[in-house]
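S.K.:
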DNA sequence: TTGTACGCGTTATCAG
DNA sequence: CTGATAACGCGTACAA
């Protein structure tokens, strides 16, 4: 079934069919109705290849996810939730979201290159950025709208969005400091993914502001998984001078950590303070004692991606300059029972008002819509 | 950059360029090398729309995931792992995997229809099947290779693969029965997704084989999430006659359940037996006491999907009949400390050899490659 | 308001 | 072994 068949069926020309389907004004109301009805009845939609070839654009936005690179391994709905937001916005702009999953065997750089060269998409979102990320260098020299989900040291000025690792680190360290903790470990991700470094360095800076030095031995890099968190626990417990608190860049780390600690009779909250990271609807809400963590509006983050991508594509279409945007996405602390005042704090922390909770927070919060730089 | 530009650059015709790039034999070795080198250097790949239009096929296989339908909520580790397997196999057949994420606002039926009508893919995998699933009815009457990931009552004979819910139910019930449990609750998913019903019915059958009736009150349907599991716990504890054991169709249910039980001072393993479902690398491995669960080779399942899809596409290409396959994917029990013999069992269970473990099983097992029917 | 005809980029056929 | 050319399905400029 193609446009010719449909035209023949209706005894009109393909030009008229095309105009009717594309909502052009120069077609009679009656003809339009006949065409639309017939198209629905016969199950006709314009062939995408023909349309793309003619139009020079595909109407597709790609979202590239990389296998086994940090967040992709997590047992939760991180990206799926983001897709939700992206999808809902793109739909309003008549754009389709397609997800490209870059498997283990192929290099992300080659993968991006193929997507671009073959003209598969009108715009691309690349996630899981590394410190040096050649995908970004490549995309910058192409003329394709793209957004990086995650910061990188690569490339020149381009649009990106990233979680507020600095803010989380500052709040996490601040909390532990006020509770009297002075020896604090940082659990972060191994591998080259950029946020592992950003988080560790932000923790270092937060400690420094309080006159504390972050010993390199206290930065524990492990794979982002419960198993990784378990190993974090092993390494913590093996230290000659055990830290009194741990902050971690990911909740799955905290989960594995809890497990190892409990095995060793070390009770989170009582014997050691633990701070997690992002809260998702189905993951880590039910740790006991409840985990101090941060609320993250992932659907809204996806919406931001969608909105900005639509802008970029529209700007390119109309020949305008690309509106580059940078966005740091805020998170909001949800205090739990895993961070309570030290009983025998050497420095003696001040009393902090906290509302530990054992049930999941249900309130949905729209992230503030502060403009990107 | 298109094929004309490249041909002009090399002072040869576009026909020769095309043949060289497509590995046809009727082109001299020297010319081929020149073409391939230039293509790489200039960053040229054939435009996908042009190629698809001419060839009548896209070389793409779609994998449709539905937002907020059961597994998708926690789904990433689940589906991403499957993608990995699919991807690796398709690559060998020069097919690309693209994931279509069907958001909340659009109907899965319309979504599938659009994908097919617009000719986006050469084959489609649809997941999260419902009991009545019009996508399957639709796909059957199209001439597009497709596989359902999940059984359905819809449609005629078509290829599908599904987890061995019956086997898991049988083994779970059998274990609890042998441990002396006689009042057993079944935690399953709410909503129309088919496997929730399959699992519950399989449990009912397994109980019946042992002379037990599954009271409808003991089938607890909740959303697949930790929060859902928490509510399962609430409902269990509210029962006048509390079950001594629970089996559940999903690990996240078990996690939330643990949480509620512990809150109430009911210790899993000691006071109530709990059986989970699939084990994933990053999810629920570290519950304490360790959860009895089932090992699932998801990457291999993905490989099966990829292999069979390649077969279907090849068959269609060569005009052969579609080789329909049905596959029940096996899982292997990993005993944990959440199922131990009842101290005060009324019926008194026999002693069962179990090897409770507290650490995650690391062994990677290739699922048996039994042929589909 | 509608029909005709061209070209988007590619691959395949056919002639040389 | 290579070059010229037709066709894939569509949207649109232009003619009617």
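Chains as they are written, first to last, in the numbering used here: chain X, 1414 to 1786; chain C, 1414 to 1786.
Think of the CB as a built atom: it goes at the ideal place given N, C-alpha and C, for glycine as much as any other residue.
(1) Using CA coordinates, which residue listed in X/1665, X/1676, X/1718, X/1730 is at the minimum distance from residue 1650 of chain X?
(2) Can you tell me where the beta strand (DSSP E) with residue 1565 of chain C in it begins and where it stops?
(3) Under 8 Å between beta-carbons, which chain X residues line up against residue 1512 of chain C? List them in chain order, please.
(4) Going along the chain, which residues of its own chain have a beta-carbon closer than 7 Å to the beta-carbon of residue 1533 of chain X, five neighbours each way excluded?
(5) Output yes if chain C places a C-beta closer than 8 Å to the C-beta of residue 1518 of chain X; else output no.
(6) What residues in the region 1518–1546 of chain C have a beta carbon less than 9 Å from any beta carbon of chain X?
(7) Taking one C-beta from the region 1597–1609 of chain X and one from the region 1625–1640 of chain X each time, how about it: are there three or more such pairs within less than 8 Å?
(8) Under a Cβ-count criterion, where at least 16 other Cβ atoms within 10 Å of its own Cβ denotes burial, should residue 1417 of chain X be classed as buried or exposed?
(9) For residue 1503 of chain X, count the other beta carbons within 10 Å of its own beta carbon; 16 or more makes it buried, fewer makes it exposed. Which is it?
(10) In whole angstroms, what separates the C-alpha of residue 1604 of chain X from that of residue 1447 of chain C?
(11) How far does the beta strand (DSSP E) with residue 1634 of chain C in it extend, from its first residue to its last?
(12) Hey, quick one: how far does the beta strand (DSSP E) through residue 1457 of chain X stretch, first residue to last?
(13) Give me the Cα-Cα distance between residue 1420 of chain X and residue 1709 of chain X, rounded to the nearest whole angstrom.
(14) Use the C-beta contact count for residue 1766 of chain C: other C-beta atoms within 10 angstroms, 16 or more gives buried, fewer gives exposed.
(15) Taking the continuous alpha helix (DSSP H) assigned at residue 1425 of chain X, which residues delimit it?
(16) Beta-carbon of residue 1690 of chain C versus every beta-carbon of chain X: anything under 8 Å?
(17) What's the call for residue 1566 of chain C, buried or exposed, on a 16-neighbour Cβ count within 10 Å?
(18) List, in order along the chain, the chain C residues whose C-beta lies closer than 9 Å to that of residue 1457 of chain X?
(19) Can you pull the DSSP bridge partners for residue 1590 of chain C?
(20) Quick one: does residue 1416 of chain X have its CB under 8 Å from some CB of chain C?
(21) Closer than 8 Å between beta carbons: that is the criterion. Which residues of the region 1653–1671 of chain C meet it against chain X?
(22) In the DSSP assignment, find the unbroken beta strand (DSSP E) run with residue 1473 of chain X in it and report its ends.
(23) With respect to the beta strand (DSSP E) encompassing residue 1739 of chain X, which residues constitute its N-terminal and C-terminal limits?
(24) Taking only the alpha-carbon atoms, compute the straight-line gap between residue 1732 of chain C and residue 1575 of chain C and give it to the nearest angstrom.
(25) Kindly indicate which three-state DSSP category residue 1753 of chain C falls into: helix, strand or coil?
(26) Output the distance between the C-alpha atoms of residue 1543 of chain C and residue 1571 of chain C, rounded to the nearest integer angstrom.
(27) Can you list, in chain order, the residues of the region 1584–1616 of chain C whose Cβ is nearer than 9 Å to any Cβ on chain X?
(28) At least one CB of chain C closer than 8 Å to the CB of residue 1374 of chain X: is that the case?
(29) For residue 1431 of chain X versus residue 1531 of chain C, is the C-beta distance shorter than 8 Å?
(30) Please tell me whether residue 1723 of chain C and residue 1736 of chain C are closer than 8 Å, where the distance is taken between their beta carbons.
(31) I'd like the list of long-range same chain contacts for residue 1609 of chain C, defined as Cβ closer than 8 Å, with 5 residues on each side in sequence excluded.
(32) Suppose you measure from the CA of residue 1699 of chain C to the CA of residue 1726 of chain X; what does that come to, to the nearest Å?
(33) Can you tell me which of the three DSSP states residue 1770 of chain C falls into?
(34) Could you have a look at residue 1523 of chain C and say whether DSSP puts it in helix, strand or coil?
(35) Exposed or buried, what is residue 1415 of chain X when buried is set at 16 or more other beta-carbons lying within 10 Å of its beta-carbon?
(36) Counting only C-beta atoms, is residue 1460 of chain X closer than 8 Å to chain C at any point?
M.R.: The answer reads as follows:
(1) X/1676
(2) Premise fails: residue 1565 of chain C is in no beta strand (DSSP E) and is neither H nor E.
(3) 1511, 1512, 1513, 1514
(4) 1471, 1473, 1475
(5) yes
(6) 1518, 1519, 1526, 1527, 1529, 1530, 1531, 1532, 1533
(7) yes
(8) The residue in question, residue 1417 of chain X, is exposed, as its Cβ has fewer than 16 Cβ neighbours within 10 Å.
(9) Burial check for residue 1503 of chain X: the Cβ neighbour count within 10 Å reaches 16 or more, so the residue is buried.
(10) 38 Å
(11) 1632–1635
(12) Boundaries for residue 1457 of chain X: no beta strand (DSSP E) harbours it, and the DSSP string shows neither H nor E there.
(13) 51 Å
(14) With a pLDDT of only 41 at residue 1766 of chain C, under the threshold of 50, the placement of this residue in the model should not be trusted, and no figure is reported.
(15) Premise fails: residue 1425 of chain X is in no alpha helix (DSSP H) and is neither H nor E.
(16) Residue 1690 of chain C does not count as touching chain X.
(17) exposed
(18) 1530
(19) Answer is none; residue 1590 of chain C lacks a bridge partner.
(20) no
(21) 1665, 1668, 1669, 1671
(22) 1473–1479
(23) 1739–1742
(24) 28 Å
(25) coil
(26) Between residue 1543 of chain C and residue 1571 of chain C, the C-alpha separation is close to 15 Å.
(27) none
(28) There is no way to answer for residue 1374 of chain X, as the model of chain X reaches only from 1414 to 1786.
(29) no
(30) With respect to the 8 Å criterion, residue 1723 of chain C and residue 1736 of chain C are not classified as neighbours on the basis of their beta carbons.
(31) In the same chain as residue 1609 of chain C, and ignoring 5 residues on each side of it, the C-beta atoms closer than 8 Å to its own belong to 1483, 1601, 1602, 1603, 1634, 1662, in chain order.
(32) 45 Å
(33) For residue 1770 of chain C, the predicted model reports a pLDDT of 41, less than 50, meaning its position is unreliable; a value from the coordinates is still stated below. In this structure, residue 1770 of chain C counts as coil in the three-state DSSP scheme.
(34) helix
(35) exposed
(36) yes
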